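Position 148 (the first sequence) corresponds to 1338 in our numbering; numbering is contiguous. Virtual Cβ for every residue (Gly too), placed ideally from N, Cα, C. Since the structure is predicted, the reported quantities are computational estimates derived from the model, not experimental observations. This report refers to the structure that appears directly beneath it.
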Amino acid sequence: MPEGHSVKRSANKFEEFFLNEPVKVTSPQGRFTDSKILSGQKFVFAQPKGKQLFLHFEESIVQIHLGIYGKWSYQNGEPKEPVGQVRARFQVENRLADLRGPTICSLIDADTHQSILQRLGPDPLWDDSDNKLREEFIARASAKKVPIGQLLMDQGVISGIGNVFRAEILFRANLSPFTPGNLVPNEVLGAIWDDSVDLLALGVRTSVMLTRENFQKVSVPKDERYWVYKREGMACRQCGNPVSIAMMAARKLYWCGFCQK
DNA sequence: TACTCATGAGCAA
DNA sequence: TGCTCCTGAGTAG
């Protein structure tokens, strides 16, 4: 589930497995040709920003983006033969991580790394004790006439939000996804930021996306987790009117036309 | 077994 | 806006 919370979890897990260790890196599938350069280097730290993950080794930085399909799997104990299409395998004695189906898995230089970080909007999971990130989000979102539903998916405006959180956060804000960013009051944008901080942090803790009050347990069945996401045509949980669906910037958008004005 | 769909995003037109 | 890449889960038959 590659929205920001799961990338953060991957980063934590990767550090738990490999911090300060020289890591053997291979590409069983053969498509990560730089694995040889990386192999044997000590892993220093993992840096997630939104949906991007940067793995810092002594001499190299690896950029990873899971896209829709990408997945990590971790194993303890005796390494097993790779199953399926494994793009990259990271291993130390008795621990390994397999990466499958990422959109991006490549070595990048320091300049590229910096330019990607700058291009990305603020990440609600980063420390923001001085509210700078919150202000940056408000400034970026309120500067555009693009609908807010599109802005929340724009990684240059806020990083880490995907299609599920987009729909749910706007529902929770009672805000129509079609409202242009520059017409959304700053206090509403601030509330959207605060809600993103809470929901992503909850996602990091629980590993699943939970967006309904009183449903903050992992055991919540999938079909009860969301307010509107994937509920088109079904009764809105709040007002009973049917949940709407439309395409926005080539992605499915779910909202309640009665609750979200 | 075959087909469809997905939590993403870059690119060409 | 539509096409493309990548992989696996779910579903229809």
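**Item:** Cβ contact (3+ pairs, closer than 8 Å) linking the segment 1355-1367 and the segment 1320-1336
**Value:** no
**Request:** Pick helix, strand or coil for glutamate 1358, following the three-state DSSP scheme.
**Result:** As a first step, residue 1358 is located in the first sequence; it is residue number 168 there, counting from the start. If DSSP states are grouped into helix, strand and coil, glutamate 1358 belongs with the helices.
**Item:** Residues near glutamine 1219 in its chain [Cβ-Cβ closer than 7 Å; skip 5 each side]
**Value:** Along the first sequence, read from residue 1 onward, the residue named residue 1219 stands at position 29. For glutamine 1219, where only same-chain residues beyond five positions count, the Cβ hits under 7 Å are Gln1275, Val1276 and Arg1277.
**Prompt:** Which residue from Arg1421, Ala1331, Val1394 and Leu1323 puts its Cα closest to that of glycine 1430?
**Reply:** Walking along the first sequence from the start, residue 1430 turns up at place 240. When each option's Cα is compared against that of glycine 1430, the closest is Arg1421.
**Asked** What are the start and end residues of the beta strand (DSSP E) that includes valine 1282?
**Response** Taking the first sequence and counting its residues from 1, one reaches residue 1282 at position 92. 1278-1282 is the span of the beta strand (DSSP E), which, as asked, contains valine 1282.
**Runs of beta strand (DSSP E) wholly within the segment 1265-1344 (minimum 3 residues, chain order)** = 1278-1282, 1285-1290 and 1294-1298
**Message:** Give me the residue from Gln1231, Ile1435, Gln1253 and Leu1342 with the minimum Cα distance to aspartate 1301.
**Reply:** If you number the first sequence from 1, residue 1301 lands on position 111. For aspartate 1301, the nearest C-alpha among the options comes from Gln1253.
**Asked** Around the C-beta of serine 1305, are 16 or more other C-beta atoms found within 10 angstroms, so that it is buried, or is it exposed?
**Response** For the purposes of this step, residue 1305 is taken as the residue at position 115 of the first sequence. Under this definition serine 1305 is an exposed residue.
**Prompt:** Tell me the DSSP bridge mates of alanine 1236?
**Reply:** The sequence position of residue 1236 within the first sequence is 46, counting from 1. Per DSSP, Leu1245.
**Message:** Which residue marks the beginning of the alpha helix (DSSP H) containing tryptophan 1383, and which one marks its end?
**Reply:** Residue 1383 sits at position 193 when you count from the first residue of the first sequence. Element bounds for tryptophan 1383: 1376-1396.
**Request:** My understanding is that lysine 1239 touches leucine 1256, with C-beta atoms under 8 Å, so please give their C-beta distance in whole angstroms.
**Result:** Against the first sequence, residue 1239 aligns to sequence position 49. Against the first sequence, residue 1256 aligns to sequence position 66. Rounded, the Cβ-Cβ distance is 13 Å, inconsistent with contact.
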